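**Q** Those letters in the sequence shown? Residues 1 to 168, by UniProt numbering.
Yeah, the Cβ is synthetic: ideal placement off N, Cα and C, and Gly gets one too.
Just so we're clear, the structure is a prediction, and the values are computed from it rather than from any experiment.
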Amino acid sequence: ISGPEAVRGLVGGSLTVQCHYVQTWKNSKKWWCRGANWGNCHILVKTDGSEQEVQRKNVSIKDNQKTLIFTVTMEKLKQTDANIYWCGIERYGIDLGVKVKVTVHPAETKGPSTMTSHHYDDDQLPLPDDAAAGGGPLLCKPDPTANRNLPRLLPEEGLHKALLLCPG
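1) Among residues of its own chain, excluding the 5 on either side of HIS42, which ones have a beta-carbon nearer than 8 Å to its beta-carbon?
2) Near GLY88, what residues of its chain come up, given a Cβ to Cβ distance below 6 Å and the 5 sequence neighbours on each side ignored?
3) Could you check what DSSP says for GLN18 in three-state terms: helix, strand or coil?
4) Where does GLN52 fall in DSSP's three states?
5) Is it buried or exposed, HIS119, if we count other Cβ atoms within 10 angstroms and call 16 or more buried?
6) Taking 7 Å as the cut-off, decide whether the C-beta atoms of MET74 and VAL59 are in contact.
7) Considering only DSSP beta bridges, list what GLY9 is partnered with.
8) Going by Cα to Cα distance, which pick from ARG56, LYS62, GLU90 and PRO106 is closest to VAL17?
9) Excluding sequence positions up to five away, which residues of its chain have a Cβ less than 6 Å from the Cβ of ASN27?
10) Looking only at its chain, what residues have a beta carbon closer than 6 Å to the beta carbon of LEU10, apart from the 5 residues adjacent to it on each side?
11) Can you tell me which of CYS19, ALA6 and GLY39 puts its alpha carbon nearest to the alpha carbon of GLY93?
12) Measure from the alpha carbon of GLU90 to the alpha carbon of each residue in VAL100, TYR21 and THR67, then state which is nearest.
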């Protein structure tokens with residue numbers, strides 16, 4: 001059995017995990033288990049050995065016996081869903097399993113649908129070294145003393161004079 005070492009999702013979103021197996025285990029029951037300790041993890045969903053999808057709360061599992069892949073989907077993710085999980089196959093003796101680390105990140109906040117921005121190509125504008133660490137634009141407080149070319153932005157122009165959209 002094999003699967004991804006780690007998967008990630010966003011709060012409120014969903015994630016999918018595909019676990020691969022060999023022909024020998026085609027008709028075996030497949031399961032998805034939560035908890036770092038393999039010996040006593042909590043099985044959330046389990047197939048009945050067929051291709052019938054099984055859903056429990058926000059987690060579902062479906063086996064495709066033609067492709068030898070079973071798929072687990074976790075929906076309506078919460079940060080508390082972040083944990084160690086296991087893709088498993090039931091068999092006589094000790095079950096087969098592979099560990100999957102699930103991380104859940106806060107949902108990205110959405111700004112207004114339209115935004116007006118002014119772009120300044122001036123290397124003298126002081127920006128912190130990690131200005132674009134999040135990957136998106138940042139609001140910066142301009143320092144007029146550090147940048148003579150910065151125009152005065154007036155509230156009646158629909159712009160706040162203390163904030164500037166920095167490249168991200």
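**A** Let's see:
1) Taken in chain order, the residues that qualify are CYS33, ARG34 and GLY35.
2) TRP31, CYS33, ASP95 and GLY97
3) Of the three classes helix, strand and coil, the one that applies to GLN18 here is strand, per DSSP.
4) For GLN52, the three-state secondary structure derived from DSSP is coil.
5) Annotation note: pLDDT 40 at HIS119 (below 50); position unreliable, no value reported.
6) yes
7) VAL104
8) LYS62
9) Within the same chain, ASN27 has close Cβ partners GLY49.
10) A distance below 6 Å between beta-carbons, with the five flanking residues on each side excluded, links LEU10 to the following residues of its chain, in chain order: HIS105 and ALA107.
11) GLY39
12) Cα-wise, what sits closest to GLU90 is TYR21.
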